[in-house]
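Take the sequence shown: its letters are residues 30 to 476, numbered as in the numbering used here.
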Amino acid sequence: MARTYGPIFKFKLGSKLHIVISTPELAKEVVRDQDETFSNRDQTVAALVVSNGGQDIAFSNNNPNWRKLRKIFAYEMLSNKNLEASRFYRIEEVRKTVKNVFEKIGTNVNIRQIVFATETRVLTRTIWESKGVKDENLGDEIDMVSSNIFNLLGQGNMSDFFPILAPFDLQRIARDMKKQRDKLDQLFTRIIEDRIESNLKKSKDEVSQEGKKDFLQVLLDYKDEKEATPLSMTQMKALLLDILLGGTETTASTIEWVMSNIMQNPNIMKRVQKELVEIVGTNNMVEESHLSKLQYLDATVKETLRLYPISPLLLPRSPSKTSVVGGYTIPKGCTISVNVWAIQRDPRNWDDPLEFNPERFLTNKCDYKGRNLLFFPFGSGRRLCPGLPLAEKMLMFIMASLLHSFDWSLPKGEKLDFAQEFHVAMKKRNPLIAIPSQRLPDVSLYM
């Protein structure tokens, strides 16, 4: 559409005005120069239902409660100190995945499925440690709910196009979204109530002597604070839902795209694995301390996210007041989308933009923080993905472990499929199925 209609264009769906921008210069005006004006969300009916009225981080407008939640998430879960404190969970769960894959050597493995399960275990242990639900099917349940939620978020909804029709919920999107939200709400309610009951049986001294608090306990402490606006139970659940859905979907879909591109380019796989041998060796397992040295793997992940950003249009914004972008008037309350897909594939920004070439990121030192508006798959400005510090670690750790421990091939007669499915997040239409084989000489490393 950007090639057909230009760097900025508008269209109407019902009574709703939509504007799409597709150049780094115009993106800069929205996400940096006028970030305050454009930091509200376009709150669709489905988004409001899943977020309990915009009480989370992802779909809330820029308001004091949003800033408070984001601050809690950033400082209490994703600070360098707390990421280091939860490092053992990541190591143990990634090792468990390597062991699980080893047990499936020579058979078909669904890449997205194993990564989603790994990320779910890491996140749930980080949030509620071992005091949570020990359910082997939890990853599958969350995966199913996540897929349903993202599908519903991506559906065109008459209630959004014609707000006068919203009370009738003609497509039953609000009803179906509430059903999916309630499934996770019931899980969170059970875990929170169990923790509160457990805490009541202990004195404050006993709770404090247990050492580092998990994220759930931190949230409960904020809830009990004697502030003018303490954290509510609804906000807690909305935040937990953001963490689980955002963290699992981003990592699983990205790694599936990375693996697809690497398997499509055997020379790139060889180079990645050569780097892993040089940095990690063949008699060790990947550690987090290795990740910063894996420059070619890092470049390969970035090249994948350049071509296949998980959110090609980012989450839409809505200006809090009428503004001007690129000389055009942008009315208050309209929907504005930043076309990251087009910017990251534009030949004016990238040489041979459709070629999968990780080398370009060995010389172009882009990061994920949205400072370079030629490459910002996780957003920029106030709406930069809040889970980025953990997402970046998990992307690299899981990818390095899978490629260091195993060689991968397609099932006989199968070809790689790059068909896409877009429902707010973009993932492969058909799952990547691959066959692992042992790479490391010492079998005990897999145990």
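Glycine is no exception: its CB is placed at the ideal position from the N, C-alpha and C atoms.
Going by beta carbon distance, what residues of the same chain come within less than 6 Å of residue i, once the five residues before and after it are set aside?
i    : result
A146 : G168
F131 : Y475
W95  : S89
L320 : M425
N91  : S68, N69
L199 : M187
To which residues of the same chain is residue i closer than 8 Å at the C-beta, ignoring the five residues directly before and after it?
i    : result
P259 : Y251, K252, D253
V162 : In this prediction, V162 has a pLDDT of 48, which is less than 50 and means its spatial position is unreliable; what the coordinates show is noted afterwards. Excluding positions up to five away in sequence, the list reads T153, L216, R219, I220.
A448 : K457, R458, N459
E450 : K456, K457, R458
R468 : Q302, T311, H433, S434, F435, D436
K97  : T258, L260
M61  : A small fix is needed here, since residue 61 is Arg in this sequence, not Met. Around R61: L402, S409, G410.
E332 : N290, F385, N386, P387, R389, F390
A429 : L305, V309, V315, H319, L320, L323, L326
N378 : P53, I372, L403
Residue i and residue j: beta carbons closer than 8 Å?
i    : j    : result
A463 : I193 : no
L432 : L305 : yes
I221 : I427 : no
G399 : F191 : no
A267 : S80  : yes
K125 : M476 : no
M455 : Y337 : yes
V453 : V59  : no
N294 : F197 : no
P387 : A328 : yes
L403 : P53  : yes
L46  : K57  : no
P406 : I297 : no
L413 : R70  : no
G185 : G416 : no
T149 : I134 : no
T263 : Q142 : no
A87  : D205 : no
I156 : L229 : no
P15  : N137 : Absent from the structure is residue 15, since the part of the chain shown begins at 30 and ends at 476.
T555 : V472 : As shown, the chain starts at 30 and ends at 476. That puts residue 555 outside it, with no answer to give.
What are the start and end residues of the alpha helix (DSSP H) that includes residue i?
i    : result
D172 : 167–183
S188 : 187–190
Y302 : Reading off the sequence, residue 302 comes out as Gln, not Tyr. Counting along the chain, the alpha helix (DSSP H) containing Q302 begins and ends at 295–308.
V472 : Segment: none, V472 is in no alpha helix (DSSP H) and carries neither H nor E.
I50  : No alpha helix (DSSP H) holds I50; the beta strand (DSSP E) holding it covers 45–50.
Q200 : Here Q200 belongs to no alpha helix (DSSP H), and DSSP marks it neither H nor E.
R150 : 140–157
K441 : No alpha helix (DSSP H) holds K441; DSSP gives it neither H nor E.
P53  : 53–57
L77  : 74–79
Whose C-beta lies closer than 7 Å to the C-beta of residue i among residues of the same chain, with five residues either side of it excluded?
i    : result
N111 : E105
S352 : Q63, T66, I359
V151 : Y118, R119, E122, M423
V301 : I291, Y325, L326, T329, L432
P376 : P382
R116 : E317
L461 : I140, R141, E285, M288, S289
D214 : K266
S175 : L274, T277, E278
D189 : K45, T73, V74
From which residue to which residue does the beta strand (DSSP E) around residue i run?
i    : result
E450 : 449–452
K322 : Looking at the DSSP string, K322 is not in any beta strand (DSSP E), and its letter there is neither H nor E.
K41  : 37–42
I464 : 462–467
F435 : 435–438
Does any CB atom of chain C fall closer than 8 Å to the CB of residue i?
i    : result
S188 : Absent here is chain C; the protein component of the structure consists of one chain.
(request) Note down, one range per segment and in chain order, each beta strand (DSSP E) of at least 3 residues found wholly within the region 204–268. (result) none
(message) At 3 residues or longer, what runs of the beta strand (DSSP E) sit wholly inside the region 327–383?
(response) 352–354, 357–359, 364–367
(message) Under 8 Å: do the region 315–325 and the region 31–49 share three or more Cβ pairs, one atom per stretch?
(response) Counting Cβ pairs under 8 Å, fewer than three are found: no touch.
(message) Assess contact between the region 392–404 and the region 73–83, defined as three or more Cβ pairs (one per stretch) separated by less than 8 Å. Is contact present?
(response) no
(request) Please list the segments of the alpha helix (DSSP H) lying wholly inside the region 389–426, counting only runs of 4 or more residues, in order along the chain. (result) 389–392
(request) Scan the region 89–116 and note each continuous alpha helix (DSSP H) run of 4 residues or more that stays entirely inside, going in chain order. (result) 93–105, 109–114
(message) Assess contact between the region 359–371 and the region 414–425, defined as three or more Cβ pairs (one per stretch) separated by less than 8 Å. Is contact present?
(response) no
(message) So, does the region 197–211 touch the region 173–185, judging by three or more C-beta pairs under 8 Å?
(response) yes
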